[in-house]
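In the working numbering, the protein residues as written are 45 to 944.
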């Protein structure tokens, strides 16, 4: 089945590719760029039978004889679109071309003589997919084996992903399924038997962990019971990620530094490969070494609240070589379930021994899970272990910092302390184990866990591996547990609730009709929604210094979530923290706090250093493992019979993984066949040329070996994308057509509309003979969707724009008594007014969205230009102005705005 060669969109026929390119602005723009290349011909359009994983311009297939008519695209259901040509240096319809200067990024590559991330040419092993293909060809099997064909495989996928086992059996036993489908399996047993024949990932093993008796010191003492530790080989999991062809275009093998200026003074921090730690660690390894930063995430979760309160403790593994956008997508399967730590209440032990023994049991299980990495790390594979339950991992008490040596009573100070040292901490633990006394042990608040799992991990400064946890530290900790509590104690919960109740409705923003004091279950979405409006809530009621405290913390939370950091944003992050500490005394004056020795507040001091070392904190957030709990714990538990469920969960997960791997294998087969078809049509170059090129690339010149850095310039956005400026309905809705001026002014409350519209026409048609009058008729619309170019700090990957929908609907009276009438809805937006001297931003209220009457269709662009009426608060409540959404993008609504 054909696909678009630019975006990979699946279409029915080859002719549908033309229509898809016509209707999709991004693909249309890419087609124009491809067409401008001298080596391409007009008779060839990029189509394919697979999804391109690399540059779409490198994979062009013939097959369509005529190019798409990109100048006259066929309208879709919502086809009233105007493209933002001016933002990309394209023709704006007035005969002139506006160009904007694109910001550039400068990349500093690691010295070439170090061969960082270079492949080992002596290794000739094939990937697992290649081995599977060879086995199928030797056994004369098709790619869908053990299933008959593609249709049967698609059905098998649907059965595994959508139905439970009893439902699968019921479906397969239906007479219509048996008589018409002619499947190779007829019941649940035969179906699951075929699923079990599919290749799977690393196998699961169960290890029995003995529990210590009362008074014991480790799990190796005589046991009174045993627990099940389900695990997989960590080395095989890492190998699985590196060998997966789906990640080949999303992997980094060598460090590089990115700067905003050619002088390399403004560092950009985003991925782990762009941060300082990778660059420094690469220098301590032999030439040709490739760093694989292993990221471990774990968090206990409830499986049921009404069936014995069952819990699971999954441990997830991924590698920092994969870009954070891919790692954060559950559907990409870039994070592997490594194992389940056993959960036990240790009821056989006295109550005063359970906590400490629980710590020791945890470290014992983690050491067993990560055991393969100890030998791999000594042979050159790097190790990194960031996660959320930091004090448990660092073997310290909860009133101490797991990263630094700050005193328990000094955590409220804005002072950096030295990080814990791995040798010093291990020595303190050993000394306490031998004599029971250690000044260092007591000073740093350690717990007597004498064999921590991170002991012996090579190339790992463990205490610097703790990354920020935005969900638990900032959203839940700083904002919900502290800032909201402080403000409620000062202003009163009734006052805060009343402010939240009085908020006006806003698209995409949850409205707390009963206030926030009654919210029993706070999730990340509630935290983020409250943070958006919290400063506006406090503004009219809070003390000036209290408002500064709240603003500093909110600014810190938003800055910490940026997906790309620079030296300037990190300075702003540090400045926000300094502002909080300068004004926090107001809380002591109100009697709210006596000290600020709060772990979550202290953790904020490490954010800047962590971002510099490991990259942006947005993808180290514990929201990702929280989401993975659904797929790897909760859904697996629901698929079991709730008795001895762990083994059943493993089997269910193994079958789900087999389906995913088989789907990836089939995608690899399709891509391989398409690549072979393309290579068959290309001329074969001489062998001598290829050999010369290889020799040149291998040897290199002496000048290249002596270079310490290599600078290259790259645009900040992967490629310019043609974005629609706005989008409205294809046809004016019923009741909004042929409205006279007085009807428009009365229904939409657009007073003084005619003078403003007359000024608009005079400015754009100074030589026009027709002037607006009260008898002109307008077609109006309920809403308009604005597309705003993305900002590199808050969007990554394929997200090129923000989309805002603005409504302008008058009140409607419904004649049916059982249907309530609809209230008026006029949104507010930020308005940018550009002049030759400056650009002013103000707030306006959208009053009407309309087409130009036909007599004014002599504009130098297409007929029916949408215009909008606004109210500007800066010039008075009665002022009305007409804004053009297409001709002047710098003087029109830019983004939806919530007016309190």
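We treat Cβ as the ideally placed atom computed from N, Cα and C, and that holds for glycine.
- Around residue 458, the same chain offers 621, 622, 625 and 649 as residues with beta carbons nearer than 8 angstroms, after the five sequence neighbours per side are excluded.
- DSSP places residue 543 in the helix class (H, G or I) of the three-state scheme.
- Counting C-beta pairs with one atom in each stretch, the segment 171-185 and the segment 203-218 have fewer than three that are closer than 8 angstroms, which means they do not touch.
- Distance from the Cα of residue 508 is smallest, within the candidate group 286, 448, 517 and 645, for 448.
- Note on geometry: alpha-carbon atoms of residue 231 and residue 645 lie some 58 angstroms from one another.
- Taking 9 angstroms as the cut-off, the beta carbon of residue 849 is found closer than this to the beta carbon of residue 551.
- In the three-state DSSP reduction, residue 254 falls in the strand class (E or B).
- Judged by DSSP in its simplified three-state form, residue 226 adopts coil rather than helix or strand.
- Note that the segment 627-646 does not touch the segment 469-476; fewer than 3 beta-carbon pairs, one per stretch, sit closer than 8 angstroms.
- In the DSSP annotation of this structure, the continuous segment of the alpha helix (DSSP H) that includes residue 202 starts and ends at 194-206.
- The count of Cβ pairs closer than 8 angstroms, one atom from the segment 516-535 and one from the segment 572-585, reaches three, so the stretches are in contact.
- Excluding its 5 nearest sequence neighbours in each direction, residue 158 has C-beta neighbours in its own chain below 6 angstroms: 331, listed in chain order.
- Rounded to the nearest whole angstrom, the C-alpha separation of residue 630 and residue 589 is 7 angstroms.
- DSSP places residue 874 in the strand class (E or B) of the three-state scheme.
- Where residue 270 is concerned, there is no enclosing alpha helix (DSSP H), although the beta strand (DSSP E) around it starts and stops at 267-275.
- For residue 383, the enclosing beta strand (DSSP E) begins and ends at 380-384.
- Taking C-beta atoms under 8 angstroms as the contact rule, residue 785 and residue 820 qualify, at a distance of about 6 angstroms.
- DSSP places residue 211 inside the alpha helix (DSSP H), whose first and last residues are 209-216.
- Fully enclosed alpha helix (DSSP H) runs of no fewer than 4 residues occupy 588-604 of the segment 574-621, in order along the chain.
- For residue 787, the enclosing alpha helix (DSSP H) begins and ends at 785-791.
- If you draw a straight line from the Cα of residue 499 to the Cα of residue 505, it is about 10 angstroms long.
- Between residue 284 and residue 717, the alpha-carbon positions lie close to 23 angstroms from each other.
- The C-alpha of residue 615 is placed about 19 angstroms away from the C-alpha of residue 307.
- A direct Cα-to-Cα measurement between residue 510 and residue 434 gives close to 7 angstroms.
- Taking the C-beta atoms as reference points, residue 304 is found nearer than 9 angstroms to residue 149.
- Non-local C-beta neighbours of residue 348 in its own chain, meaning closer than 8 angstroms and more than five positions away in sequence, comprise 354, 681 and 686, ordered along the chain.
- In the three-state reduction of the DSSP assignment, residue 642 falls in the coil class, being assigned neither a helical nor a strand state.
- Note: residue 866 is bridge-paired with 856 in the DSSP secondary-structure output.
- The beta carbon of residue 242 sits closer than 6 angstroms to those of 702 and 706, all from its chain and outside the five residues before and after it, given in chain order.
- At a cut-off of 3 residues, the continuous stretches assigned as beta strand (DSSP E) that sit fully inside the segment 369-419 are 380-384.
- In the three-state reduction of the DSSP assignment, residue 53 falls in the coil class.
- Scanning its chain for C-beta atoms nearer than 6 angstroms, with the 5 sequence neighbours on each side dropped, one finds around residue 291 the residues 366, in chain order.
- The way I'd put it, the segment 596-612 does touch the segment 650-664; three or more beta-carbon pairs between them come closer than 8 angstroms.
- Look at residue 895 here: in three-state DSSP terms it is strand.
- In this structure, 380 is the residue among 583, 311, 380 and 325 with its C-alpha nearest to the C-alpha of residue 340.
- In this structure, the alpha-carbon of residue 383 lies about 46 angstroms from that of residue 724.
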